[in-house]
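Peer 1: In the working numbering, the protein residues as written are 5 to 502. Heads up, the beta-carbon is just placed ideally off N, CA and C, and yes, glycines get one too. Given the structure is predicted, the values throughout are model-derived calculations rather than measurements. To start, I am sharing the structure in question, which I have written as structure tokens.
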């Protein structure tokens, strides 16, 4: 029986040696350290100092090691320890959970690994709240069937999941998939000069839900965040998400709209979530049915939000790569949501100069006491044949047109066609403004000169989104960019890769 207490130097030697001198892999050494934490309360406290917030690759563990890990996490739950929150990122490779059927050349789930993995997932609760799926546009019916079975077996251990993140999802054309499922059928085969009944399997046609729909069904009462990245959104997917009543965060980044999805269907889906706090739709690709005069896909959504905004909406980012009419719903939207917004990103606008400039003037005149980030980079891509925002238009606004945005820290202009009058009002009226992003174009030199005169300098090494432009930061400020704080955060929680 090991001693329950050890000198600090001896602890350091033992615990670091388990990781660095592991014969198999780094993850095997970490597993040994997990086991040491169960010796006593003193060992548990000591090992927490050496257990890193690392990525736990389950595919690097053997079947017996997965069993050990599942047992350790189960003991941790029984004795109210918190080992489940130690790994920052637990990765599951779906291909590592497959094997060839013993009687047929058919790929099936390897239950010898899936069983321990399911127990590991249960053991991580309630400390893991995020589930990320990297689907890599999988469309093979049999493969999706296996993922459906895997999702079904993992679902009971996912009750603490609050955030579902899906990357590279192909179009879900219908709620069920016509695929072949293995059913047990008895065959008689000779064995050692005797007749023995052996269970064999033959494929029979069946249907099963898409694995994403399976997860949405199991988690619908728990989810409050949906993130879609580089995926295709379809009516079948949105119908499943409508059954999640508690959604507060919806992010659709670099998504493609399928031909079967109508703008009103998306608007009606968003209207289902009355507690929505974050609505971020960026770089949406929707094929216009009228090529000569494309209708903005988000127009019905903007119309709904301008008349019935969610009472707690604080982050609003809209971009469907189609020009919107700046004189209809957008001014009403800014007025309706302005007092609660902390981040606002406007969609592209039509090229008519006066309505566009009046919208910018209306934004200046709207009090937004909590606004910390304003993104106008998608208002207009390119400055050709456009005049900067006229000084006369801005000057015609009421006396409070110096913006009442006391908390604004970050302004993203990109190649938005604004002039020095508009930017001057922002610099003058926003004492906490720390970062301004400007892209090359007409009037760029004048805007840069204005910023330099106000104490800004060009920042080196800052991240740049396409079209955002160079960053100019106020001298003496260490900026923590709002886009990093609120953006897509990867590498945390439970990650399943196909």
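(1) Buried or exposed: which applies to residue 503, given that a residue is buried once 16 or more other Cβ atoms fall within 10 Å of its Cβ?
(2) Find the nearest neighbour of residue 271 within the set 239, 290, 255, 308, judged by alpha-carbon distance.
(3) Take residue 262 as the anchor and find which of 256, 236, 361, 254 has the nearest alpha-carbon.
(4) If the criterion is Cβ atoms closer than 8 Å, does the pair residue 80 and residue 87 meet it?
(5) For residue 283, does the three-state DSSP call read helix, strand or coil?
(6) What are the start and end residues of the alpha helix (DSSP H) that includes residue 338?
(7) Which of the three DSSP states, helix, strand or coil, is assigned to residue 154?
(8) Across which residues does DSSP place residue 255 in a beta bridge pair?
(9) How would you write the range of the beta strand (DSSP E) that residue 131 sits in, first residue to last?
(10) Which residues bound the alpha helix (DSSP H) around residue 69?
(11) Can you check whether the CB of residue 496 is closer than 8 Å to the CB of residue 62?
(12) When you compare only the Cα positions, how much space is there between residue 264 and residue 132?
(13) Taking DSSP as the reference, what is the three-state secondary structure of residue 140?
(14) By Cβ distance, which residues of its chain are closer than 6 Å to residue 413, with the 5 residues on each side in sequence left out?
(15) Of the residues 428, 239, 454, 380, which one's Cα is nearest the Cα of residue 421?
(16) Is the segment 152 to 167 close to the segment 104 to 111, with three or more CB pairs under 8 Å?
(17) Tell me which same chain residues have a C-beta within less than 7 Å of the C-beta of residue 156, skipping the five on either side of it?
(18) Whole angstroms is fine: what's the gap from residue 499's alpha carbon to residue 137's?
(19) Return yes when the Cβ of residue 42 is within less than 8 Å of the Cβ of residue 94, no when it is not.
(20) Can you list, in chain order, the residues of its chain with a C-beta nearer than 6 Å to that of residue 418? Leave out the 5 residues immediately preceding and following it.
(21) Excluding five sequence neighbours on each side, which residues of the same chain lie with their C-beta closer than 7 Å to the C-beta of residue 31?
(22) Does residue 149 come out as helix, strand or coil in the three-state DSSP assignment?
(23) Grouping DSSP H, G and I as helix and E and B as strand, with all else coil, what is residue 109?
(24) What first and last residue would you give for the beta strand (DSSP E) that runs through residue 426?
(25) Cα separation between residue 350 and residue 46?
(26) Return helix, strand or coil for residue 419, following the three-state DSSP convention.
(27) Would residue 318 and residue 356 be called neighbours here (beta carbons separated by less than 8 Å)?
(28) Residue range of the beta strand (DSSP E) that residue 277 falls in?
(29) Have a look at 118, 361, 229, 342 and flag the residue whose alpha-carbon is nearest the alpha-carbon of residue 378.
(30) Which residues in the same chain have their Cβ closer than 6 Å to the Cβ of residue 143, if we skip the five residues on either side of it in sequence?
(31) As a quick exercise: from 240, 425, 409, pick the residue whose alpha carbon is nearest that of residue 433.
(32) Taking 8 Å as the limit between beta carbons, can you name the residues of its chain near residue 101, skipping five residues before and five after?
(33) With a Cβ-Cβ cutoff of 8 Å, do residue 354 and residue 324 count as a contact?
(34) Expressed to the nearest angstrom, what Euclidean distance is found between the alpha-carbon atoms of residue 223 and residue 464?
(35) Roughly how many angstroms lie between the CA atoms of residue 141 and residue 304, to the nearest whole one?
(36) Under 8 Å between the Cβ atoms of residue 246 and residue 281?
Peer 2: Taking the geometry as given:
(1) The requested residue 503 does not occur in the structure, where the chain is confined to residues 5 to 502.
(2) Counting from one through the chain shown, the residue named residue 271 turns up at place 267. Out of 239, 290, 255, 308, 308 has the C-alpha closest to the C-alpha of residue 271.
(3) Counted from its first residue, the chain shown places residue 262 at position 258. Minimum Cα distance to residue 262 is reached at 236.
(4) Numbered from 1 along the chain shown, position 76 holds the residue referred to as residue 80. Numbered from 1 along the chain shown, position 83 holds the residue referred to as residue 87. Result yes, Cβ atoms of residue 80 and residue 87 sit closer than 8 Å.
(5) In the chain shown, counting from the first residue as 1, residue 283 sits at position 279. Of the three classes helix, strand and coil, the one that applies to residue 283 here is strand, per DSSP.
(6) Reading the chain shown from its first residue, position 334 is the one you call residue 338. Start and end: 333 to 341.
(7) Walking along the chain shown from the start, residue 154 turns up at place 150. Looking at residue 154 - three-state DSSP - the assignment turns out to be helix.
(8) Position 251 of the chain shown, counted from the first residue, corresponds to residue 255. Answer by DSSP bridge pairing, in chain order: 231, 284.
(9) The residue given as residue 131 occupies position 127 in the chain shown. Taken as a continuous stretch (DSSP letters only), residue 131 belongs to no beta strand (DSSP E), as it is neither H nor E.
(10) Along the chain shown, read from residue 1 onward, the residue named residue 69 stands at position 65. Per DSSP, residue 69 belongs to the alpha helix (DSSP H) from 67 to 82.
(11) Indexing the chain shown from 1 puts residue 62 at position 58. Indexing the chain shown from 1 puts residue 496 at position 492. Result no, Cβ atoms of residue 62 and residue 496 do not sit closer than 8 Å.
(12) Taking the first residue of the chain shown as 1, we reach residue 264 at position 260. Taking the first residue of the chain shown as 1, we reach residue 132 at position 128. Looking at the two C-alpha atoms, the distance is approximately 35 Å.
(13) The sequence position of residue 140 within the chain shown is 136, counting from 1. Three-state DSSP puts residue 140 in coil, outside helix and strand.
(14) For the purposes of this step, residue 413 is identified with residue 409 of the chain shown, where counting begins at 1. 376, 436, 438, listed in sequence order.
(15) Stepping through the chain shown from its first residue, residue 421 is reached at position 417. Cα-wise, what sits closest to residue 421 is 380.
(16) no
(17) As a first step, residue 156 must be located in the chain shown, where it is residue number 152. Once the five neighbours on either side are set aside, the close Cβ partners of residue 156 are 218.
(18) Position 495 of the chain shown, counted from the start, is the residue given in the question as residue 499. Position 133 of the chain shown, counted from the start, is the residue given in the question as residue 137. The C-alpha of residue 499 lies about 6 Å from the C-alpha of residue 137.
(19) In the chain shown, residue 94 corresponds to position 90, counting from 1. In the chain shown, residue 42 corresponds to position 38, counting from 1. Remark: C-beta atoms of residue 94 and residue 42 do not approach each other more closely than 8 Å.
(20) What you label residue 418 is simply residue 414 of the chain shown in a count that begins at 1. Apart from sequence neighbours up to five positions away, the residues of its chain that approach residue 418 with a beta-carbon distance below 6 Å are 381, 443, 471, 472, 473, ordered along the chain.
(21) Mapped onto the chain shown, residue 31 falls at position 27. The answer, listed in chain order, is 60, 61, 64, 65.
(22) Numbered from 1 along the chain shown, position 145 holds the residue referred to as residue 149. Helix at residue 149.
(23) For the purposes of this step, residue 109 is identified with residue 105 of the chain shown, where counting begins at 1. Reduced to three states, the DSSP call for residue 109 is coil.
(24) In the chain shown, counting from the first residue as 1, residue 426 sits at position 422. First-last for residue 426: 424 to 433, but that is the alpha helix (DSSP H), not the beta strand (DSSP E).
(25) Within the chain shown, the letter at position 346 stands for residue 350. Within the chain shown, the letter at position 42 stands for residue 46. One C-alpha to the other measures close to 55 Å.
(26) Within the chain shown, the letter at position 415 stands for residue 419. Note: residue 419 maps to coil in three-state DSSP.
(27) Your numbering for residue 318 matches position 314 in the chain shown. Your numbering for residue 356 matches position 352 in the chain shown. Their beta carbons are not under 8 Å apart, which means residue 318 does not touch residue 356 by this criterion.
(28) Translated into the one-based positions of the chain shown, residue 277 becomes position 273. That residue, residue 277, is in no beta strand (DSSP E); it is neither H nor E in DSSP.
(29) Your numbering for residue 378 matches position 374 in the chain shown. Of 118, 361, 229, 342, the residue nearest in Cα terms is 342.
(30) Counted from its first residue, the chain shown places residue 143 at position 139. If we look at residue 143 and ignore the five residues flanking it on each side, its Cβ neighbours are 174.
(31) The count along the chain shown starts at 1 and reaches residue 433 at position 429. Residue 409 is the option with its Cα nearest to residue 433.
(32) Position 97 of the chain shown holds residue 101. Within the same chain, residue 101 has close Cβ partners 113, 114, 117, 118, 121, 154.
(33) The residue you call residue 354 lines up with position 350 of the chain shown. The residue you call residue 324 lines up with position 320 of the chain shown. Contact flag unset, no.
(34) One-based indexing of the chain shown puts residue 223 at position 219. One-based indexing of the chain shown puts residue 464 at position 460. Looking at the two C-alpha atoms, the distance is approximately 43 Å.
(35) Within the chain shown, the letter at position 137 stands for residue 141. Within the chain shown, the letter at position 300 stands for residue 304. So the two alpha carbons sit approximately 29 Å from each other.
(36) Start at 1 with the first residue of the chain shown, and residue 246 comes out as number 242. Start at 1 with the first residue of the chain shown, and residue 281 comes out as number 277. No, they are not a contact pair.
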